[in-house]
Amino acid sequence: MARKKKPTTPKPISATMHNDKRANIPTEELRDFVADDEKNPTMMRYPRDPSLDPQLVWQGKDEQDGEDLVVPAVPIYIQEKIHPQVIVEDVRAQSKKDEPQQFDMFSDFNGIEFEDLIEFYEHQQNWTNRLILGDSLQVMTSLAEKEGLKGQVQMIYLDPPYGIKFGSNWQVSTRKRNVKDGKAEDVVRQPEQVKAFRDTWELGIHSYLSYLRDRLVTARELLTESGSIFIQIGDENIHLVRCLLDEVFGSDNFFAQINFKSMSALGQKGLASTYDYIIWYAKNKESIKF
């Protein structure tokens, strides 16, 4: 006679909880509770220092150095909160064909009372990771000035555009790098994306260098004294990006250049480049931790 299988007990599910704290941030559904002075952008100034030497020169840089870099620090509203434990428990219930549970992705699990919750940026709550879609310049400024992360970040990894093919279309898919005009499969749903992409690089490499320097300046403000920044770049502009990093972080704070194989050289003529690079700078090389 076959033995009866012992009933299995569900494995308890738990989620990783962080000990760190962060400022309470408004959610989209609580937008109306945000005070007017918090809603309005705070214009943050990053002084430029034209006395730094050596420097890279490009079209429009002199005009930019004539005044501070000004970036609005705006609230970054939370659109959705996801508790992994709730998701796993819901999937488990569905797999057992139980009655589906109704759960609220906005349900708060940060250990803060509602009265304090709507006093945004004034109270500390449990740490939660964030995935943010937006302009990196404004996002970093908001994280530094609104959310109190200035001088608190240990590592920043930047994967900017490589500064090539400025007239190309917006790349629709990560699976296809070769994007050409006139092909239906390369057309985006929103034509304004292509226009915005091309307007950003109106002056080609000159626009690119201005774009990248501004983001390096704001990134440096986020880093702690022992922090590091990593920039991924191709061989076409690595020499220019190194010059920008020397200007913003100081050449003494260069730490390492890491080469990694990015693609196969099959089918290419001449001496093909198959490597990209990660440039590592410290905010303060004497205090660096890794």
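The opening position of the sequence shown corresponds to residue 348 in my numbering, with each subsequent residue numbered one higher.
C-beta: ideal position from N, C-alpha, C; glycine also.
Just so it is clear, the structure is predicted and the values come from calculations on it, not from any experiment.
Euclidean distance between Cα positions of residue i and residue j
i	j	result
Y393	E633	24 Å
K493	V421	7 Å
Q411	E549	16 Å
Q604	S575	13 Å
L377	F461	11 Å
R589	Q485	23 Å
H586	I434	46 Å
Q406	H553	6 Å
D437	I360	11 Å
M364	I635	27 Å
Q471	N366	12 Å
D599	I580	20 Å
Q432	R477	17 Å
N516	D379	The predicted position of N516 is uncertain, since its pLDDT is 49 and thus under 50; a value taken from the coordinates is nonetheless stated next. N516 and D379: Cα-Cα distance of roughly 38 Å.
D409	P401	15 Å
D463	S573	33 Å
P508	D582	12 Å
S609	N387	43 Å
D482	V418	11 Å
K358	N584	52 Å
E427	E469	21 Å
P397	G551	23 Å
E385	W474	21 Å
R395	T389	19 Å
I465	Q441	35 Å
L403	L559	13 Å
Q499	F637	15 Å
For residue i, the three-state DSSP class (helix, strand or coil)
i	result
L478	coil
Y555	helix
N631	coil
D367	coil
F467	coil
E572	strand
I585	helix
L496	coil
N473	strand
F601	strand
V381	coil
S398	coil
A362	coil
V404	coil
L550	coil
T356	coil
K386	helix
E594	helix
F461	helix
Buried versus exposed, by CB contacts within 10 Å (16 or more), residue i
i	result
M452	A caution first: M452 carries a pLDDT of 49, below 50, which makes its placement in the model unreliable, though a value can still be read off. With fewer than 16 Cβ atoms within 10 Å of its Cβ, M452 is classed as exposed.
N371	buried
F467	buried
R369	buried
D561	buried
A382	exposed
M391	buried
L563	buried
A362	exposed
A491	buried
I429	exposed
Residue i and residue j closer than 8 Å at C-beta
i	j	result
T488	Y424	no
T565	Q501	no
Y622	N606	yes
I511	I578	no
F596	K630	yes
E594	L416	no
L556	L505	no
L569	L496	yes
Bridge partners - residue i, DSSP secondary structure assignment
i	result
R392	V417
V435	DSSP, once it has assigned bridges, lists no residue as partnering V435.
T374	I425
Y624	I580 and N606
I503	I576
Any C-beta of chain B under 8 Å from that of residue i
i	result
S598	This model lacks chain B altogether, as it is built from one protein chain only.
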